[in-house]
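Just add 340 to wherever you are in the sequence shown, counting from 1, and you've got my numbering. Where is the CB? At the ideal position from N, CA and C, for every residue including glycine.
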Amino acid sequence: MAKEVSVADPKLQALLTRLAGVFEPRDVLTELSQLIPYELDATTAFHARPLAAVFPHTTEQVVAAVRACNALDIPYLARGSGTSLSGGSLPIQGGLLIVLSKMDKILEIDLENLRVVVQPGVINANVTKAVAAKGLYYSPDPSSQIICTIGGNIAFNSGGAHCLKLGMTSNHILGMKVVLPDGELVTLGGKSLENPGMDLCGLMVGSEGLLGIVTEATLRLLPKPQAVKTVLAAYDQIDQAGEAVAAVIGSGLLPVAIEIMDRLSIDAIEKAVHAGYPDAQSLLLVELDGPTDEVLPQFDLLLDTLRKSGATSLVVPATDAERAKIWKGRKSAFSAVGRLAPDYLVQDGVVPRGKLGLALREITKLAAEYDLRVANVFHAGDGNLHPLVLFDSKKPGELERAETLAGKILKMCVDLGGSITGEHGVGIEKKAYMAYQFKTDDLDTMRAIYRSFDPKMLSNRGKMLPDASPDQLTGHVTTDRQHPLERSGVIERF
């Protein structure tokens with residue numbers, strides 16, 4: 341287990357002295373029993389204990405916390421709900437955890453400009469709830485949208501099922517207030533789609549907390565589409581569904597969403613939420629939206645394309661309730677898969693759409709080679725795979741086999757011309773594979789950008805960039821074998 345921090349620790353005492361009067365006592369956690377729930381994020385395979393945790397309500401409190409850490413050389417991490425699936429929001433051993441979940445206010449709704457200004461702790465789904473009565477919505481929709489926060493979405497450039505046509509978080513964040521690692525507060529971007537100078541707002545999105553802490557964000561709202569048409573296509577083989585994606589895009593259509601689920605995930609979903617899915621080896625979920633006079637003829641073309649692609653059946657929901665049920669199943673997939681095995685690893689690689697079928701066949705071969713089951717659920721439209729490697733950590737060697745298999749899937753994605761991550765980020769989990777995708781010069785450039793913002797490398801130290809910190813904190817590894825993901829020394833295995 342991680343070393344227990346005593347309140348008498350001189351570094352903690354110095355930190356508390358600097359923050360005295362800035363935070364209410366109830367918003368500062370230092371006791372072991374209080375910190376244990378914050379030792380991990382949704383990755384769950386690793387944990388680390390922070391020196392303390394603070395819960396700011398205002399930008400000024402964030403500034404004070406960051407300035408204190410900078411003065412005392414204490415590393416820190418800001419996070420919201422802690423739903424990261426890459427270890428990106430895992431606390432830093434011996435560092436300060438700045439929890440932004442109480443900064444959850446919608447500050448402004450600008451209907452004239454279709455903009456909304458929010459604090460980072462606002463839940464993703466709550467943005468749409470706040471403007472739904474006006475016929476508007478916020479597009480990025482991660483599967484965890486009922487709990488994940490806008491700040492976390494910005495940190496990892498989250499996507500979601502409807503990112504194919506409408507874009508990732510980066511396409512919907514127009515401005516932000518950011519506390520830089522030295523405590524300076526800056527404003528980037530604004531309400532306009534175009535701003536003079538460098539796109540520093542774009543640089544901040546997806547930087548995984550290394551460059552600063554967002555305390556306000558200006559989001560772009562969209563009018564609800566006039567028409568939405570959805571179809572669920574069943575296939576006898578999963579690679580057929582993968583190849584059907586290329587056929588749909590090749591037909592000239594641009595769906596708002598294209599999702600794939602394999603047999604394992606279908607079975608889990610049915611047991612969990614009873615979505616009423618047809619009996620099939622794989623399902624392709626496709627959705628079109630837009631003006632009615634465009635969507636209806638496009639939907640006829642879509643159905644014809646899917647029939648020609650080998651679909652054994654097509655299910656078209658007749659009501660909004662039926663459509664919602666289909667989507668509830670898809671968005672419940674990750675949690676539902678927990679019914680299939682005691683543990684699983686979620687990967688997040690990307691391959692070109694035209695190579696989806698090949699990638700799925702290769703994943704099937706790898707699963708057989710390592711004698712492990714893999715459930716496939718992913719955003720097929722942009723080639724964003726989410727293979728879930730199932731295992732039992734209580735069985736000797738299974739965790740190691742699962743990690744090796746997951747790593748081979750990531751390398752396969754790169755070999756096919758893709759990426760090690762689409763929306764979950766690099767965090768700690770994929771840091772060991774950054775050098776497989778990027779050249780040394782590329783990584784050096786990323787490190788140089790990091791150091792230009794944070795010379796001491798205190799902000800989310802040890803994440804994303806391999807060997808980025810010259811002074812890693814040490815942590816006890818609780819297994820006999822040190823996995824590459826643990827070499828940073830800022831994490832330990834359960």
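**Prompt:** Can you give the Cα-Cα distance for A720 and Q577, rounded to whole angstroms?
**Reply:** For the purposes of this step, residue 720 is taken as residue 380 along the sequence shown, with counting starting at 1. For the purposes of this step, residue 577 is taken as residue 237 along the sequence shown, with counting starting at 1. In this structure, the straight-line span from the alpha carbon of A720 to that of Q577 is close to 15 Å.
**Asked** Which residues share a DSSP beta bridge with H719?
**Response** On the sequence shown, residue 719 is found 379 positions in, with the first residue counted as 1. DSSP, once it has assigned bridges, lists E599, N724 as partnering H719.
**Message:** Judging by CA-CA distance, which residue of R670, N511, L430 is the nearest neighbour of A501?
**Reply:** Looking up residue 501 in the sequence shown gives position 161. Among R670, N511, L430, the Cα nearest to that of A501 belongs to R670.
**Message:** Distance check for N410 and I487, CA to CA, integer angstroms please.
**Reply:** One-based indexing of the sequence shown puts residue 487 at position 147. One-based indexing of the sequence shown puts residue 410 at position 70. The straight-line gap from Cα to Cα measures roughly 30 Å.
**Item:** Which residues DSSP lists as bridging R560, in chain order
**Value:** Within the sequence shown, numbered from 1, the residue matching residue 560 stands at position 220. Answer by DSSP bridge pairing, in chain order: R455.
**Prompt:** Could you check where the beta strand (DSSP E) with L525 kicks off and where it finishes?
**Reply:** Reading the sequence shown from its first residue, position 185 is the one you call residue 525. Per DSSP, the unbroken beta strand (DSSP E) holding L525 starts and ends at 525-529.
**Message:** Residues in the same chain with beta-carbon distance under 6 Å from S622, minus the five sequence neighbours each way, listed in chain order, please.
**Reply:** As a first step, residue 622 must be located in the sequence shown, where it is residue number 282. Excluding positions up to five away in sequence, the list reads Y575, I578, A581, D602.
**Message:** Buried or exposed, going by whether 16 or more other CB atoms sit within 10 Å of the CB of V571?
**Reply:** Counted from its first residue, the sequence shown places residue 571 at position 231. Buried: at least 16 other Cβ atoms inside 10 Å.
**Message:** If I measure Cβ to Cβ from Q638 and keep anything under 7 Å in the same chain, skipping five residues before and after, which residues do I get?
**Reply:** The count along the sequence shown starts at 1 and reaches residue 638 at position 298. So the list reads L593, L628, once near-sequence residues are dropped.
**Prompt:** Taking the continuous beta strand (DSSP E) assigned at I513, which residues delimit it?
**Reply:** Locating residue 513 in the sequence shown gives position 173, where the first residue counts as 1. In this chain, the beta strand (DSSP E) harbouring I513 covers 513-519.
**Message:** The alpha helix (DSSP H) that contains D784, what's its start and end?
**Reply:** Start at 1 with the first residue of the sequence shown, and residue 784 comes out as number 444. Per DSSP, D784 belongs to the alpha helix (DSSP H) from 780-793.
**Asked** If you draw a straight line from the alpha carbon of S429 to that of A472, how long is it in whole angstroms?
**Response** Translated into the one-based positions of the sequence shown, residue 429 becomes position 89. Translated into the one-based positions of the sequence shown, residue 472 becomes position 132. Looking at the two C-alpha atoms, the distance is approximately 30 Å.
**Request:** Please check the pair T370 and Q459, which I expect to be a contact at CB under 8 Å, by giving their CB distance rounded to whole angstroms.
**Result:** Within the sequence shown, residue 370 is the residue found at index 30, counting from 1. Within the sequence shown, residue 459 is the residue found at index 119, counting from 1. 25 Å between Cβ atoms; not a contact.
**Asked** Nearest to V655 by alpha carbon, out of P631, L680, G616, L641?
**Response** Against the sequence shown, residue 655 aligns to sequence position 315. Closest in C-alpha terms to V655, from the list P631, L680, G616, L641, comes G616.
**Request:** Run the CB neighbour count on G309, radius 10 Å, all protein chains shown included, and call it buried at 16 or more, exposed below.
**Result:** Since the displayed the chain opens at 341 and closes at 834, residue 309 lies outside it and no answer follows.
**Request:** Have a look at Q812 and Y416 and give me their C-alpha separation to the nearest angstrom.
**Result:** Indexing the sequence shown from 1 puts residue 812 at position 472. Indexing the sequence shown from 1 puts residue 416 at position 76. Confidence in Q812 is poor, its pLDDT being 36 and thus under 50, which makes the residue's placement too unreliable to answer from.
**Item:** Three-way DSSP call (helix, strand, coil) for K569 in this model
**Value:** To locate residue 569, count along the sequence shown from 1; it is residue 229. Looking at K569 - three-state DSSP - the assignment turns out to be strand.
**Message:** What does the alpha-carbon distance come out to for the pair C753 and S759?
**Reply:** Locating residue 753 in the sequence shown gives position 413, where the first residue counts as 1. Locating residue 759 in the sequence shown gives position 419, where the first residue counts as 1. Cα to Cα, the separation comes out at about 6 Å.
**Item:** Alpha-carbon spacing of N800 relative to G552, whole angstroms
**Value:** Residue numbering aside, residue 800 sits at position 460 when the sequence shown is read from its first letter. Residue numbering aside, residue 552 sits at position 212 when the sequence shown is read from its first letter. Distance between the alpha carbons of N800 and G552: 9 Å.
**Spatially closest choice to L440 from A772, G475, T489, by CA coordinates** = By 1-based counting over the sequence shown, the position of residue 440 is 100. The option with the nearest alpha carbon to L440 is T489.
**Asked** Can you tell me the Cα-Cα spacing of A664 and D755, whole angstroms?
**Response** In the sequence shown, residue 664 corresponds to position 324, counting from 1. In the sequence shown, residue 755 corresponds to position 415, counting from 1. If you take the alpha carbons of A664 and D755, they lie about 37 Å apart.
**CA-to-CA distance, V717 to L750, given in whole angstroms** = The residue labelled residue 750 in the question sits at position 410 within the sequence shown. The residue labelled residue 717 in the question sits at position 377 within the sequence shown. Their backbone Cα atoms lie some 15 Å apart in a straight line.
**Message:** Taking 8 Å as the threshold (C-beta atoms), are K668 and V596 in contact?
**Reply:** Here residue 596 corresponds to residue number 256 of the sequence shown, with the count starting at 1. Here residue 668 corresponds to residue number 328 of the sequence shown, with the count starting at 1. Cβ distance not < 8 Å, so V596 and K668 don't count as in contact.
**Prompt:** When DSSP builds the beta bridges, which residues end up paired with I463?
**Reply:** One-based indexing of the sequence shown puts residue 463 at position 123. When DSSP reads this structure, I463 sits in a beta bridge with T489.
**Message:** Looking at the secondary structure, which residues open and close the alpha helix (DSSP H) in which S547 lies?
**Reply:** As a first step, residue 547 is located in the sequence shown; it is residue number 207 there, counting from the start. That residue, S547, is in no alpha helix (DSSP H); it is neither H nor E in DSSP.
**Message:** If you reduce the DSSP assignment to three classes, tell me which class D481 lands in.
**Reply:** Locating residue 481 in the sequence shown gives position 141, where the first residue counts as 1. D481: strand per DSSP, three-state reduction.
**Which listed residue (L412, E599, E702) has its alpha carbon closest to that of P482** = In the sequence shown, the residue the question calls residue 482 occupies position 142. The residue with the shortest Cα to Cα distance from P482 is E599.
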